[in-house]
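Engineer: My questions will all concern the structure given below.
In this note's numbering, the protein residues as written are 4 to 174.
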């Protein structure tokens, strides 16, 4: 799937290096800082298992003008307030930020989820103090449904904005 020169490629076992790059301090400012490398390796394995059973859809983000992934995006099944929904997340590496890659990747992710995710609503939960991710959610059509308490990583409380996108609008 592509949008101009941005495309999503399904996650592979080779993408562990990309996931480790996501774990850099500059990439995890709003996520409580880097995780232990073993935690990242286990998450990569969960991505692969979830991809195999259809509960997780992780992707690397590529552009024709760069010979390496510029970031990652993905969605996974969750229950939120008792309803089956999808949650998404994204990273664009610092050298490639502010070029529109994240916005185009999120749009592609929404199209993919509308076609194959099996649920009607996509949620995103950026921290309330993350202006870039909140602006991205708004710019691609998510609706801010209010602030909520969250955890990331598990056990670490954070305050997030809950953004919702009606995937039925893309079907």
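All residues carry an ideal CB built from backbone N, CA and C; glycine is no exception. Predicted model, so just to flag it, every value in this text is computed and none were measured.
Thinking C-alpha only, which one of 152, 149, 86 and 97 is nearest residue 74?
Structural biologist: 97
Engineer: Measure the CB-CB distance between residue 130 and residue 109 and report whether it falls below 8 Å.
Structural biologist: Cβ distance not < 8 Å, so residue 130 and residue 109 don't count as in contact.
Engineer: Could you check how far apart the C-beta atoms of residue 49 and residue 87 are, in whole angstroms? I think they sit under 8 Å.
Structural biologist: Between the beta-carbon of residue 49 and that of residue 87 there is about 19 Å, and that puts the pair past the 8 Å contact cut.
Engineer: What residue range is occupied by the uninterrupted alpha helix (DSSP H) comprising residue 100?
Structural biologist: First-last for residue 100: undefined, no H or E at that position.
Engineer: If I follow the unbroken alpha helix (DSSP H) through residue 21, where does it start and stop?
Structural biologist: DSSP places residue 21 inside the alpha helix (DSSP H), whose first and last residues are 19–25.
Engineer: Based on DSSP bridge pairs, tell me the residues matched to residue 33.
Structural biologist: Answer is none; residue 33 lacks a bridge partner.
Engineer: When the Cα atoms are used, what is the spatial distance from residue 156 to residue 35?
Structural biologist: Cα to Cα, the separation comes out at about 7 Å.
Engineer: With H, G and I counted as helix, E and B as strand and the rest as coil, what does DSSP make of residue 70?
Structural biologist: coil
Engineer: Under 8 Å by Cβ, that's how I've got residue 63 and residue 21 pegged, so tell me the actual separation to the nearest angstrom.
Structural biologist: 6 Å
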